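Worksheet for the structure shown next.
Protein chains in written order, with the numbering used here: chain A, 2 to 301; chain B, 869 to 1306.
Here it is as structure tokens:
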């Protein structure tokens, strides 16, 4: 019986492990960072979020929309209602038709979704070399490809890393990925060796693969050649809170901001979860006592 | 079904209702005094757990349906609206999403418990088959539910799986178009999947009801796999198993809640947070984890594999062979009662078959692991070996071991090992008998 129990426990554990490999990507994983939002009690750093919003607004928003996020959601970042209203009012939104049947422009309100840089996908594609810049609302969650193997993903899950692997990816993609003269090692990161491919064939494949026109080498982009030009440079922007705007700092801040945007209920979820788990722990203890008491006179 | 007389209810309203519609007598007989083998271990919790998860799925599902929009242009955003703007919508959705995985974990353990302790054998064959029917219905429901958020994996998973039916000769193409309601997975497909996803759980409830009725006729099996000989072998369902199931439920809910609140996307695929795009195929299309073992069986059948060439190559294409093997892998579970030639139920007393069942479990996990890997070496060979072993276990090992194995001697009754074991034995037997009366 005990053996069977052990094997079932091992099976359950393995199942959970196996299930995570569905999210294991083939490429290399960028270095991991410790974020303030991981762990049972982790939460976002308001200053990081606010700086991240500034990076998004001044750099990313030139091409990328965030259709699922509303200005009202920014209350999570620590802004007051008035601040949000005046922030929203700096954007113009096309509304209508009015009673005369005309479309009109008005300042955005807190209830509006983030205003997109392009009014439709055709314009977006036409202005960006034929590719629509992806919406960033879910970019972190949808790029959370894990940490490589079943074991790493399982450990990360126990450490409550959530979808921080997506934060790593976004942060490094815009922060450290762009290299003007990539070495062979750099290229090996974004073009991994295929199963069964000889070292010689692999090396030839890498050397022969040239940058297609209109692309930029990025170490963390699968396939190496990325259509997005490098967005961040030292001091691209001037932070309102005076933090030095290094490339890594901006990349980190905007990735954290986009992590929040991927799931604004994130902090509520974890706060609720602590209470639920505490309750269930007590409830389980109680049930152990009840069960023992009920069964105390039965030999079985 | 049990022969206890109806209790004398003190409340006149209950008495009035019960003499016209004996629901209270029924609950009393089937869940109050219903005799349960007293040696059941915690693996017997999983039936009750599955029932609870089914209820949780239906309740959260109904509430999600009130906010969800089954239209290809709106579905993805309506799910995100649930996540962001609906009060506690994120909670409902994460419970529902992880509930599906929990349902399969619970049901898989429930099934392996049945396999290990021989719960499928005479007289429980129909009970077992109803269980397999529930599993198949669950799979259909889960598959269609996964399509509803209309992410990349939703769309491409639906495309791959519905395309399987095109493997059937002559009628295949027509079947697929009929399933789609068009010439590709599109709005009509999403609409009907939503309708069916809402319908099937209620059919599952009906089959679960039959499963429970059959269970209460043949009664629970037990870890010794021997019949109950008398009241000294049993305890009443309440309070003994209400208490034991509640403890199991508490532990289960703790694990469930951990995933819902702290790792809600662990068992999902990040690509499903990208809206479906028929023009962009994801690099690896993988089904949800609980389908991976079957997906591995499906993909094992490729041209040149000797098993395929011997059994199918001369009359069927590899794709059709894979589809048939995948469906066959479920049907074969249903006929297990007739493949097992041993009279002994429990693997406790089956020294050889016990290891066969454990190996089968390990093999099933290997199938799941390899099902999530890309279709390249060495995974293809591993998948083919594991697929062979899956069928080898049912078709060769199970009947063969039943014939050649010498089972250990069975105890005379459920209470016998206990009576032998302890000095308090007589007291135990006496108290159990007393409780049965009270």
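From the three backbone atoms N, C-alpha and C, an ideal C-beta is built for every residue, glycine too. The structure presented is a predicted model; accordingly, all values stated were derived computationally and were not measured.
Once the 5 residues before and after residue i are set aside, which same chain residues still bring their CB inside 8 Å of it?
i: residue 108 of chain A; result: 89, 90, 91, 92, 93 and 94
i: residue 880 of chain B; result: none
i: residue 944 of chain B; result: 1017, 1018, 1019, 1143 and 1144
i: residue 1040 of chain B; result: 1033 and 1034
i: residue 981 of chain B; result: 911, 912, 914 and 987
i: residue 1050 of chain B; result: 1056 and 1057
Near residue i, which residues of its chain fall below 6 Å by C-beta distance, leaving aside the five closest residues on each side in sequence?
i: residue 212 of chain A; result: 226
i: residue 1188 of chain B; result: 1035
i: residue 162 of chain A; result: 39
i: residue 173 of chain A; result: 31 and 221
i: residue 33 of chain A; result: 169
i: residue 251 of chain A; result: 56 and 233
i: residue 122 of chain A; result: 133
i: residue 900 of chain B; result: 1106
i: residue 1127 of chain B; result: 966
i: residue 994 of chain B; result: 1082
Starting from residue i, trace the alpha helix (DSSP H) both ways and give me its first and last residue.
i: residue 1069 of chain B; result: 1055 to 1086
i: residue 880 of chain B; result: 880 to 888
i: residue 251 of chain A; result: 248 to 263
i: residue 1031 of chain B; result: 1020 to 1031
i: residue 234 of chain A; result: It is not in any alpha helix (DSSP H) - residue 234 of chain A carries neither H nor E in the DSSP assignment.
i: residue 1185 of chain B; result: Looking at the DSSP string, residue 1185 of chain B is not in any alpha helix (DSSP H), and its letter there is neither H nor E.
i: residue 996 of chain B; result: 993 to 1015
i: residue 158 of chain A; result: 151 to 159
i: residue 1095 of chain B; result: Where residue 1095 of chain B is concerned, there is no enclosing alpha helix (DSSP H), given that its DSSP letter is neither H nor E.
Considering Cα atoms alone, identify which of the options is closest to residue i.
i: residue 1038 of chain B; options: B:1231, B:1184 and B:1250; result: B:1184
i: residue 145 of chain A; options: A:127, A:169 and A:45; result: A:169
i: residue 1000 of chain B; options: B:979, B:1009, B:989 and B:1083; result: B:979
i: residue 268 of chain A; options: A:33, A:183, A:46 and A:97; result: A:46
i: residue 948 of chain B; options: B:1002, B:1025 and B:958; result: B:958
i: residue 299 of chain A; options: B:969, B:887, B:941 and B:1102; result: B:1102
i: residue 1251 of chain B; options: B:1265, B:1232 and B:1261; result: B:1232
i: residue 78 of chain A; options: A:59, A:102, A:87 and A:53; result: A:53
i: residue 264 of chain A; options: A:81, A:148, A:296 and A:70; result: A:70
i: residue 1155 of chain B; options: B:1135, B:1170 and B:1276; result: B:1135
i: residue 962 of chain B; options: A:274, A:130, A:292 and A:113; result: A:274
i: residue 49 of chain A; options: A:36, A:61 and A:230; result: A:36
i: residue 1013 of chain B; options: B:1061, B:985, B:966 and B:977; result: B:1061
i: residue 114 of chain A; options: A:73, A:281, A:124 and A:105; result: A:73
i: residue 141 of chain A; options: A:125, A:130, A:194 and A:166; result: A:166
i: residue 1121 of chain B; options: B:1141, B:1085, B:932 and B:970; result: B:970
From what residue to what residue does the beta strand (DSSP E) around residue i run?
i: residue 55 of chain A; result: From DSSP, residue 55 of chain A is part of no beta strand (DSSP E) but of the alpha helix (DSSP H) over 47 to 59.
i: residue 1103 of chain B; result: 1102 to 1104
i: residue 904 of chain B; result: 903 to 905
What do you reckon, are the CB atoms on residue i and residue j nearer than 8 Å?
i: residue 1092 of chain B; j: residue 907 of chain B; result: yes
i: residue 1161 of chain B; j: residue 1235 of chain B; result: yes
i: residue 903 of chain B; j: residue 1096 of chain B; result: yes
i: residue 1005 of chain B; j: residue 1071 of chain B; result: yes
i: residue 1267 of chain B; j: residue 996 of chain B; result: no
i: residue 1079 of chain B; j: residue 998 of chain B; result: yes
i: residue 1028 of chain B; j: residue 1022 of chain B; result: no
i: residue 137 of chain A; j: residue 65 of chain A; result: yes
i: residue 1153 of chain B; j: residue 1048 of chain B; result: no
i: residue 180 of chain A; j: residue 155 of chain A; result: no
i: residue 1282 of chain B; j: residue 1002 of chain B; result: no
i: residue 1130 of chain B; j: residue 41 of chain A; result: yes
i: residue 1125 of chain B; j: residue 278 of chain A; result: yes
i: residue 295 of chain A; j: residue 1108 of chain B; result: yes
Within a Cβ cutoff of 7 Å, which residues of the same chain sit near residue i, ignoring the five residues on either side of it in sequence?
i: residue 185 of chain A; result: 207
i: residue 63 of chain A; result: 118
i: residue 1229 of chain B; result: 980
i: residue 1167 of chain B; result: 1190, 1243 and 1251
i: residue 1053 of chain B; result: 1023, 1026, 1027 and 1030
i: residue 1063 of chain B; result: none
i: residue 244 of chain A; result: 52 and 250
i: residue 974 of chain B; result: 914, 917, 918 and 921
i: residue 1305 of chain B; result: Because residue 1305 of chain B sits at a pLDDT of 39, beneath the cut-off of 50, its placement in the model cannot be relied upon, and the following sentence gives the value as read from the coordinates. Contacts found: none.
Segments assigned alpha helix (DSSP H), at least 4 residues, entirely inside the segment 912 to 960 of chain B = As far as the segment 912 to 960 of chain B is concerned, its whole alpha helix (DSSP H) runs of at least 4 residues are 914 to 933 and 943 to 952.
Can you give, in chain order, each stretch of the alpha helix (DSSP H) that sits fully within the segment 53 to 134 of chain A and has at least 4 residues?
-> The qualifying runs are 82 to 90 and 122 to 127.
Entirely enclosed alpha helix (DSSP H) segments - the segment 1219 to 1270 of chain B, minimum 4 residues = As far as the segment 1219 to 1270 of chain B is concerned, its whole alpha helix (DSSP H) runs of at least 4 residues are 1221 to 1239 and 1247 to 1260.
Whole runs of the alpha helix (DSSP H) within the segment 259 to 299 of chain A, excluding any shorter than 4 residues = If we require 4 residues or more, the alpha helix (DSSP H) runs fully inside the segment 259 to 299 of chain A come out as 267 to 296.
Whole beta strand (DSSP E) runs in the segment 156 to 205 of chain A with 3 or more residues, listed along the chain?
-> The segment 156 to 205 of chain A contains no whole beta strand (DSSP E) run of 3 or more residues.
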